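> If you scroll down you'll find the structure; I have some questions about it.
In my numbering, the protein residues as written are 87 to 273.
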(Lines of atoms letter the chains of each structure in order from A and count residues from 1; the text may use other names and numbers.)
(Lines give C-alpha, C1' and ligand atoms only; values in the text may rest on other atoms or scores of the structure.)
Protein backbone atom coordinates (compact mmCIF):
# COMPACT_ATOMS: atom_id res chain seq x y z
CA UNK A 1 0.00 0.00 0.00
CA UNK A 2 1.51 3.29 -1.02
CA UNK A 3 -0.25 6.26 0.47
CA UNK A 4 1.02 9.25 2.42
CA UNK A 5 -0.31 7.57 5.58
CA UNK A 6 1.57 4.34 4.86
CA UNK A 7 4.77 6.28 4.24
CA UNK A 8 4.36 8.09 7.56
CA UNK A 9 3.51 4.90 9.44
CA UNK A 10 6.57 3.18 8.04
CA UNK A 11 8.77 5.70 9.87
CA UNK A 12 7.45 4.60 13.26
CA UNK A 13 9.66 2.32 15.31
CA UNK A 14 6.89 0.04 16.53
CA UNK A 15 3.53 -0.32 18.20
CA UNK A 16 2.98 0.48 21.86
CA UNK A 17 3.48 -2.38 24.31
CA UNK A 18 0.42 -1.31 26.30
CA UNK A 19 -2.03 0.26 23.83
CA UNK A 20 -5.31 -1.39 22.91
CA UNK A 21 -5.27 -3.15 19.52
CA UNK A 22 -8.46 -2.69 17.51
CA UNK A 23 -10.18 -4.51 14.67
CA UNK A 24 -13.15 -2.78 13.02
CA UNK A 25 -16.11 -4.73 11.68
CA UNK A 26 -18.83 -3.41 9.38
CA UNK A 27 -21.71 -4.54 11.62
CA UNK A 28 -22.34 -4.90 15.34
CA UNK A 29 -20.58 -7.99 16.73
CA UNK A 30 -22.05 -10.55 19.12
CA UNK A 31 -19.61 -10.26 22.05
CA UNK A 32 -20.28 -13.87 23.09
CA UNK A 33 -18.58 -15.02 19.85
CA UNK A 34 -15.30 -13.28 20.71
CA UNK A 35 -13.70 -16.41 22.15
CA UNK A 36 -9.92 -16.20 22.51
CA UNK A 37 -7.76 -19.26 21.89
CA UNK A 38 -6.17 -20.48 25.12
CA UNK A 39 -3.05 -22.61 24.55
CA UNK A 40 -3.34 -23.96 28.12
CA UNK A 41 -6.77 -25.51 27.53
CA UNK A 42 -8.17 -28.06 25.14
CA UNK A 43 -9.82 -26.30 22.21
CA UNK A 44 -13.55 -25.96 22.68
CA UNK A 45 -14.28 -25.44 18.99
CA UNK A 46 -15.59 -21.88 19.38
CA UNK A 47 -12.26 -20.04 19.39
CA UNK A 48 -12.38 -17.02 17.10
CA UNK A 49 -9.48 -14.78 18.21
CA UNK A 50 -5.83 -15.90 18.21
CA UNK A 51 -2.86 -13.86 19.44
CA UNK A 52 0.64 -15.24 18.89
CA UNK A 53 4.09 -13.93 19.74
CA UNK A 54 5.62 -14.95 16.41
CA UNK A 55 9.10 -13.80 17.39
CA UNK A 56 9.19 -16.61 19.96
CA UNK A 57 6.48 -18.85 18.39
CA UNK A 58 4.33 -18.68 21.50
CA UNK A 59 0.54 -18.19 21.66
CA UNK A 60 -0.49 -15.64 24.28
CA UNK A 61 -2.80 -16.70 27.10
CA UNK A 62 -6.10 -14.84 27.44
CA UNK A 63 -6.74 -13.59 30.95
CA UNK A 64 -2.99 -13.48 31.56
CA UNK A 65 -1.57 -11.56 28.61
CA UNK A 66 -4.68 -10.01 27.06
CA UNK A 67 -8.45 -9.82 27.00
CA UNK A 68 -10.89 -9.38 24.11
CA UNK A 69 -13.92 -7.11 24.25
CA UNK A 70 -16.14 -4.83 22.24
CA UNK A 71 -15.22 -1.17 22.43
CA UNK A 72 -17.37 1.07 24.56
CA UNK A 73 -16.12 4.15 22.71
CA UNK A 74 -18.71 6.58 21.44
CA UNK A 75 -19.52 5.83 17.82
CA UNK A 76 -18.16 2.29 18.05
CA UNK A 77 -21.62 0.83 17.53
CA UNK A 78 -20.53 -2.53 18.99
CA UNK A 79 -18.53 -3.10 15.80
CA UNK A 80 -15.03 -2.39 17.10
CA UNK A 81 -13.23 -5.37 18.66
CA UNK A 82 -10.47 -4.55 21.13
CA UNK A 83 -7.56 -6.74 22.16
CA UNK A 84 -6.40 -5.31 25.46
CA UNK A 85 -2.93 -6.14 26.83
CA UNK A 86 -3.25 -7.01 30.53
CA UNK A 87 0.47 -6.46 31.03
CA UNK A 88 2.97 -4.83 28.68
CA UNK A 89 3.80 -6.83 25.58
CA UNK A 90 7.45 -7.69 25.06
CA UNK A 91 9.45 -4.92 23.33
CA UNK A 92 10.83 -5.46 19.82
CA UNK A 93 8.57 -8.46 19.38
CA UNK A 94 6.31 -9.31 16.45
CA UNK A 95 2.76 -10.39 17.28
CA UNK A 96 0.19 -11.98 14.97
CA UNK A 97 -3.55 -11.48 15.33
CA UNK A 98 -5.89 -13.89 13.58
CA UNK A 99 -9.69 -13.78 13.62
CA UNK A 100 -12.03 -16.37 12.19
CA UNK A 101 -15.55 -16.65 10.86
CA UNK A 102 -16.68 -17.97 14.23
CA UNK A 103 -17.16 -14.30 15.07
CA UNK A 104 -20.81 -13.53 14.44
CA UNK A 105 -22.78 -10.35 14.01
CA UNK A 106 -25.43 -9.35 16.50
CA UNK A 107 -27.94 -10.91 14.09
CA UNK A 108 -26.02 -14.22 13.91
CA UNK A 109 -24.33 -13.81 10.54
CA UNK A 110 -20.78 -15.20 10.34
CA UNK A 111 -18.10 -12.57 9.77
CA UNK A 112 -16.27 -12.94 6.48
CA UNK A 113 -13.05 -11.73 4.94
CA UNK A 114 -13.12 -8.62 2.82
CA UNK A 115 -12.70 -9.17 -0.93
CA UNK A 116 -8.94 -8.58 -0.98
CA UNK A 117 -8.00 -10.71 2.03
CA UNK A 118 -10.36 -13.45 0.86
CA UNK A 119 -8.88 -13.49 -2.65
CA UNK A 120 -5.27 -13.67 -1.40
CA UNK A 121 -6.17 -16.25 1.26
CA UNK A 122 -8.01 -18.48 -1.21
CA UNK A 123 -5.25 -18.26 -3.82
CA UNK A 124 -2.62 -19.14 -1.19
CA UNK A 125 -4.69 -22.09 0.03
CA UNK A 126 -4.90 -23.27 -3.60
CA UNK A 127 -1.09 -23.27 -3.78
CA UNK A 128 -0.84 -20.15 -5.92
CA UNK A 129 1.52 -17.21 -5.42
CA UNK A 130 -0.80 -14.65 -6.96
CA UNK A 131 -4.49 -14.08 -7.54
CA UNK A 132 -5.25 -15.12 -11.14
CA UNK A 133 -6.13 -12.09 -13.22
CA UNK A 134 -5.41 -9.61 -10.40
CA UNK A 135 -1.65 -8.93 -10.40
CA UNK A 136 -2.15 -5.84 -8.21
CA UNK A 137 -2.74 -8.17 -5.23
CA UNK A 138 0.56 -10.05 -5.64
CA UNK A 139 2.47 -7.67 -3.30
CA UNK A 140 0.08 -8.68 -0.48
CA UNK A 141 1.12 -12.35 -0.55
CA UNK A 142 4.26 -11.89 1.60
CA UNK A 143 2.11 -10.24 4.29
CA UNK A 144 -0.96 -12.49 4.23
CA UNK A 145 0.28 -15.94 3.14
CA UNK A 146 2.55 -16.57 6.17
CA UNK A 147 -0.35 -15.77 8.50
CA UNK A 148 -2.61 -18.23 6.73
CA UNK A 149 0.17 -20.81 7.00
CA UNK A 150 0.55 -20.04 10.73
CA UNK A 151 -3.20 -20.46 11.16
CA UNK A 152 -3.39 -23.78 9.35
CA UNK A 153 -0.07 -25.46 10.13
CA UNK A 154 0.59 -24.26 13.68
CA UNK A 155 -2.76 -23.33 15.19
CA UNK A 156 -4.87 -25.93 13.36
CA UNK A 157 -7.38 -23.40 12.07
CA UNK A 158 -9.06 -24.21 8.75
CA UNK A 159 -7.50 -21.70 6.36
CA UNK A 160 -10.78 -20.72 4.76
CA UNK A 161 -12.15 -19.67 8.16
CA UNK A 162 -9.57 -16.87 8.57
CA UNK A 163 -11.32 -13.55 7.99
CA UNK A 164 -8.54 -11.17 8.95
CA UNK A 165 -4.94 -11.55 10.05
CA UNK A 166 -2.18 -9.04 10.65
CA UNK A 167 1.06 -8.58 12.50
CA UNK A 168 2.64 -5.72 14.33
CA UNK A 169 5.98 -5.24 16.02
CA UNK A 170 6.20 -3.55 19.38
CA UNK A 171 8.50 -0.63 19.96
CA UNK A 172 11.49 -0.58 22.23
CA UNK A 173 13.17 2.22 24.08
CA UNK A 174 15.83 -0.13 25.44
CA UNK A 175 18.18 0.48 22.51
CA UNK A 176 18.08 4.25 23.05
CA UNK A 177 18.54 3.89 26.79
CA UNK A 178 21.53 1.57 26.28
CA UNK A 179 23.21 4.09 23.97
CA UNK A 180 22.61 6.88 26.46
CA UNK A 181 23.96 4.74 29.28
CA UNK A 182 27.09 3.87 27.29
CA UNK A 183 27.80 7.37 26.05
CA UNK A 184 26.67 9.55 28.94
CA UNK A 185 29.39 11.38 30.83
CA UNK A 186 28.90 13.04 34.21
CA UNK A 187 29.15 16.83 34.35
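All C-beta atoms, glycine included, are put in the ideal place defined by N, C-alpha and C.
Here the structure is a predicted model, which means the values were calculated and not measured.
1. For residue 221, name the three-state secondary structure that DSSP assigns.
2. Mind checking whether residue 115 and residue 165 have CB atoms under 8 Å apart?
3. Locate the alpha helix (DSSP H) running through residue 227, then write down its first and last residues.
4. Suppose you measure from the CA of residue 268 to the CA of residue 108; what does that come to, to the nearest Å?
5. Which one or two residues does DSSP pair with residue 148 in a beta bridge?
6. Alpha carbon to alpha carbon, what distance is there between residue 227 and residue 87?
7. Within its chain, find whatever has a CB closer than 8 Å to the CB of residue 152; leave out the 5 residues flanking it on each side and keep chain order.
8. What is the rounded straight-line gap between the Cα of residue 130 and the Cα of residue 222?
9. Just the Cα atoms here: how many angstroms apart are residue 258 and residue 105?
10. In angstroms, rounded to a whole number, what distance separates the CA positions of residue 248 and residue 167?
11. Going straight from the alpha carbon of residue 265 to that of residue 271, what length do you get?
12. Looking at residue 182: is its Cβ nearer than 8 Å to the Cβ of residue 140?
In brief:
1. helix
2. yes
3. 227-235
4. 37 Å
5. DSSP, once it has assigned bridges, lists 152 as partnering residue 148.
6. Because residue 87 carries a pLDDT of 43, less than 50, the predicted location of this residue cannot be relied on, and no value is offered for it.
7. 122, 137, 146, 169, 170, 171, 172
8. 39 Å
9. 14 Å
10. 16 Å
11. Approximately 12 Å, taken between the alpha carbons.
12. Residue 182 places its beta carbon less than 8 Å from that of residue 140.
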